[in-house]
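Going left to right, the sequence shown walks through residues 1 to 499 as the numbering used here numbers them. The beta-carbon is built from N, C-alpha and C at its ideal position, and this holds for glycine as well.
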Amino acid sequence: MMRIASTPNASKLQSVSASASAAPASSTSSTSIRSSSRCYIASPPLVRSLACTSSRSLSVRGGLRSSFFPSEYDVVYSSLASKGKNKSYGKVLCMAKKSVGDLKEGDLKGKRVFLRADLNVPLDDAQNITDDTRIRAAVPTIKYLIANGAKVILSSHLGRPKGVTPKYSLKPLVPRLSELLGVNVVKAEDCIGEEVEKLVASLPGGGVLLLENVRFYKEEEKNDPEFAKKLAAVADLYVNDAFGTAHRAHASTEGVTKYLKPSVAGFLLQKELDYLVGAVSDPKRPFAAIVGGSKVSSKIGVIESLLGKVDILLLGGGMIFTFYKAQGLKVGSSLVEEDKLELATSLMQKAKDKGVSLLLPTDVVIADKFAPDANSKVVPSSEIPDGWMGLDIGPDSIKTFSDALDTTKTVIWNGPMGVFEFDKFATGTEAIAKKLAELSGKGVTTIIGGGDSVAAVEKVGVADKMSHISTGGGASLELLEGKTLPGVLALDEAVPVAV
């Protein structure tokens, strides 16, 4: 028998848990890394992702074991002594990643800086930018380099070209970049070679040169050492601000670090780590995660990782029907992953074991076909008729999800509640976006963890209300899953601090 969560309107919520206010069980494998005002409580994989991006004094607390910190992750320990809860454990040497903020005018003036950004913005058929979010996100780092007299060599990819593909040229980005930066951005016709060398040689301090799409060369994604060496040949140092590609070991994200020193994190990359690792690993509680999307299989790692951190887990999107069927409910022609029914059952059991309130919608909006003009109606989640499919969460679920979120201090959202591309089935997703905007105004930390959730808050017009919107899709997911990011691991360590 499933127990009902002790949240407002709990009778309307399907729940697998004890109290919604119960915190996840503590574990001796949890480690806290404190950096000034921030404190990261991370499982070993998250520590390996190196949340510490600041060079400020760090200490390590909790159940620390040497196996959790292999040398390749640049964290070592010694003299573990006291065993009291939340006590410092002897002396620890933590080597954090350098940030561009650690570099001052003396380090940057006149220097050629290879800046890898993520300018992979959508373009329409007329080559007009339809969403400049990623360009705007890169601006703070570029402006910092300009202000300190650096010669900025800007690199990015766009789309998934197979060789030189004109429609994936970065040329359409030049006007918007120039406008946002307040300088005339020069555009190269290639990303390596003699022309690039000449343009760099003529670039003044504070100037910006945009290289052509780095993925026009297949060697980029293969992380070819010779290609990486050619990219690095025109620069003195390296800054990675491309969080969206930090989960890939490519020539421009990982390979170039072998030839350019220092290699440091940009402000955007640092901010992403601060929120997706820092705020998630040591949140203000109660902490809720909202996970949506069409398939359980695409979010397994995220759900399993978050179950060890959150107090409340709200599920929506197409994945809920796999959970319903696992409970023996009829789901009509709704999307179901038959091979994931046992997994769904095990996730519900894990939530119960960890004291996490796993909340499923109690009513859904169903349709007679997958189309924007489909006939639709609202039914209880236990009464989906044959031939109908669920495409959104229902009004009762919106109300009770909102009530549950009212109890929180930190919320992370990854994945829509329904087929929000169809206006008729976008109500649930839009309601969640508006609720998070309201909560942000009350001081709740709201994190939009990449992907379709970003498109949803942009569509509703509340993006500027959120605490943080991740620019990464796959990178966000992998970080939330606790995986390591090659683009982060390749960067230089900050000055080690013994505490």
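Taking each of 379, 454, 401 in turn and checking the Cα distance to residue 415, the smallest one comes out for 454. Residue 209 carries a strand assignment under DSSP once its states are collapsed to helix, strand and coil. A distance of 8 Å or more separates the beta carbons of residue 186 and residue 152.
Scanning its chain for C-beta atoms nearer than 7 Å, with the 5 sequence neighbours on each side dropped, one finds around residue 436 the residues 411, 413, 446, 466, in chain order. Put simply, of 259, 227, 218, 337 the residue whose alpha carbon is nearest the alpha carbon of residue 237 is 259.
Residue 97 is classed as buried because its beta carbon has at least 16 other beta carbons within 10 Å across all chains shown. Looking at the backbone, the Cα of residue 249 and that of residue 231 are separated by about 15 Å. Judged by DSSP secondary structure, residue 166 falls outside any beta strand (DSSP E); it is assigned neither H nor E. In terms of Cβ geometry, residue 287 and residue 362 do not form a close pair [threshold 8 Å].
With distances taken between CA atoms, residue 235 lies nearest to 111 out of 244, 111, 424.
Relative to residue 382, the option among 305, 144, 326, 169 whose CA is nearest is 326. Membership of residue 264 in the beta strand (DSSP E) is indicated by the continuous run 263 to 265. Distance from the CA atom of residue 349 to the CA atom of residue 434, rounded to whole angstroms, is 31 Å. The beta carbon of residue 314 sits closer than 6 Å to those of 290, 359, 401, all from its chain and outside the five residues before and after it, given in chain order.
Taken in chain order, the whole beta strand (DSSP E) runs of length 3 or more contained in the stretch 394 to 464 are 410 to 414, 445 to 448.
Around residue 462, the same chain offers 433, 434, 436, 437 as residues with beta carbons nearer than 8 Å, after the five sequence neighbours per side are excluded. If you look at residue 364, you'll find it in the beta strand (DSSP E) that goes 363 to 367. In this chain, residue 217 is not harboured by any beta strand (DSSP E), its DSSP state being neither H nor E. Within the same chain, 116, 240, 242, 245, 246, 486, 487, 490 come within 8 Å of residue 253 by CB-CB distance, once the 5 residues on both sides are set aside. Assigned with DSSP and collapsed to three states, residue 249 falls in coil, not helix or strand. CA-CA distance, residue 322 to residue 336, rounds to 5 Å.
Listed in chain order, the non-local C-beta contacts of residue 196 below 7 Å within the same chain comprise 188, 190, 211, 234, local neighbours out to five positions each way being set aside. In the structure shown, the three-state DSSP call for residue 239 is strand. Within the same chain, Cβ atoms closer than 8 Å to the Cβ of residue 144 are found at 100, 101, 267, the five residues on either side in sequence being excluded.
For residue 380, the enclosing beta strand (DSSP E) covers residues 376 to 380. Relative to the Cα of residue 308, the nearest Cα in the group 126, 481, 131 belongs to 481. Around residue 141, the same chain offers 100, 115, 117, 239, 241, 266, 267, 268 as residues with beta carbons nearer than 8 Å, after the five sequence neighbours per side are excluded.
Within 10 angstroms of the beta-carbon of residue 130 lie fewer than 16 other beta-carbons, which makes it exposed.
DSSP lists 123 as the bridge partner or partners of residue 129. If you look at residue 155, you'll find it in the beta strand (DSSP E) that goes 151 to 155. Here the C-alpha atom of residue 331 lies approximately 26 Å from the C-alpha atom of residue 306. Leaving aside the five residues that flank residue 251 on each side, the residues in its chain whose CB is nearer than 7 Å to its CB run, in chain order, 219, 220, 223, 224, 227, 228, 231. Under the three-state reduction of DSSP, residue 99 is assigned to strand.
The residue among 295, 257, 494, 303 with its C-alpha nearest the C-alpha of residue 340 is 295.
The beta-carbon distance between residue 168 and residue 161, rounded to whole angstroms, is 4 Å. This is short enough to meet the 8 Å contact definition. In this structure, the straight-line span from the alpha carbon of residue 406 to that of residue 439 is close to 7 Å.
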